[in-house]
Amino acid sequence: MRQNADVKTLGLLIVSLGILAGGCHRPNAEVQQMNVPGIVNLKSAGDILISGAADERGIEFVKSEGVTDIIDLRRNEEVDPDYVAAVKSAGMTYHHIPMMSNEMTDEQADQFLKTMNEIKDTRVLLQCASANRSGGMFGLYLGATGKCSAEEALTQAQAAGMRHPGLAHSIQVYLQKHAK
Numbered sequence: 716m717r718q719n720a721d722v723k724t725l726g727l728l729i730v731s732l733g734i735l736a737g738g739c740h741r742p743n744a745e746v747q748q749m750n751v752p753g754i755v756n757l758k759s760a761g762d763i764l765i766s767g768a769a770d771e772r773g774i775e776f777v778k779s780e781g782v783t784d785i786i787d788l789r790r791n792e793e794v795d796p797d798y799v800a801a802v803k804s805a806g807m808t809y810h811h812i813p814m815m816s817n818e819m820t821d822e823q824a825d826q827f828l829k830t831m832n833e834i835k836d837t838r839v840l841l842q843c844a845s846a847n848r849s850g851g852m853f854g855l856y857l858g859a860t861g862k863c864s865a866e867e868a869l870t871q872a873q874a875a876g877m878r879h880p881g882l883a884h885s886i887q888v889y890l891q892k893h894a895k
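One gets the working numbering by counting positions in the sequence shown from 1 and adding 715 to each.
So, in structure tokens, the structure goes:
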């Protein structure tokens, strides 16, 4: 009798752990809001920072936080050449993957994920104008790398700043097509 109870308890524990494992294995931390002058909507999730636009104070701050790479998701016409020069002058690597705020193409997703894989052992800033695109791509990264289910990845993307339903839909479709 006691042995059957132990087997049932173990079975429930295994099922419970399986359910919990279906959640999100975040990179290093929960998404945390950071209020820093010179950078819009800055959030931190371990080695990944997510933000909107930054000025020179923002660049100095992320450099002081150990960021070595910036992935800028703003369209070409949104990017000031002086900003790119300031990032490079600060000794950080600038990656540019221009995208719209309301959608993401498979090519943009693939390029982003390839870049993230190439710089996976660094501290990175994902940046756009408001944190909508950068938040979305943070969620894409979590879902595409298996750190989260697609549903949880979208929840994390929203916590990081994604607001546009069209972008959320693009990410959801991509994650469904490329499910591991």
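We put the CB at the ideal spot given by N, CA and C, even for glycine.
Quick one: using the 10 Å Cβ neighbour count with 16 as the cut-off for buried, is residue i buried or exposed?
i	result
L735	Legend: pLDDT at L735 = 38, less than 50; position of this residue unreliable, value from coordinates given subsequently. Classification for L735: exposed.
D825	exposed
I785	buried
N791	exposed
Give the DSSP-derived three-state secondary structure of residue i in the structure shown.
i	result
R838	strand
R848	helix
L764	strand
K862	coil
T830	helix
T820	coil
Got a sec, what are the start and stop residues for the alpha helix (DSSP H) residue i sits in?
i	result
H884	880–892
V777	771–779
By how many angstroms is the C-alpha of residue j removed from the C-alpha of residue i?
i	j	result
L869	R848	12 Å
Q707	N756	Since the first and last residues shown for the chain are 716 and 895, residue 707 lies out of range.
The beta strand (DSSP E) with residue i in it runs from where to where?
i	result
V799	Not the beta strand (DSSP E): V799 falls in the alpha helix (DSSP H), residues 796–804.
I785	782–787
Quiz item: Would you say the region 856–866 touches the region 803–817, given that touching needs at least three Cβ pairs under 8 Å?
Solution: Too few Cβ pairs lie closer than 8 Å, so no.
Quiz item: Would you call the region 835–850 and the region 871–890 touching, i.e. three or more CB-CB distances under 8 Å?
Solution: The region 835–850, when compared against the region 871–890, does touch it at the 8 Å Cβ threshold.
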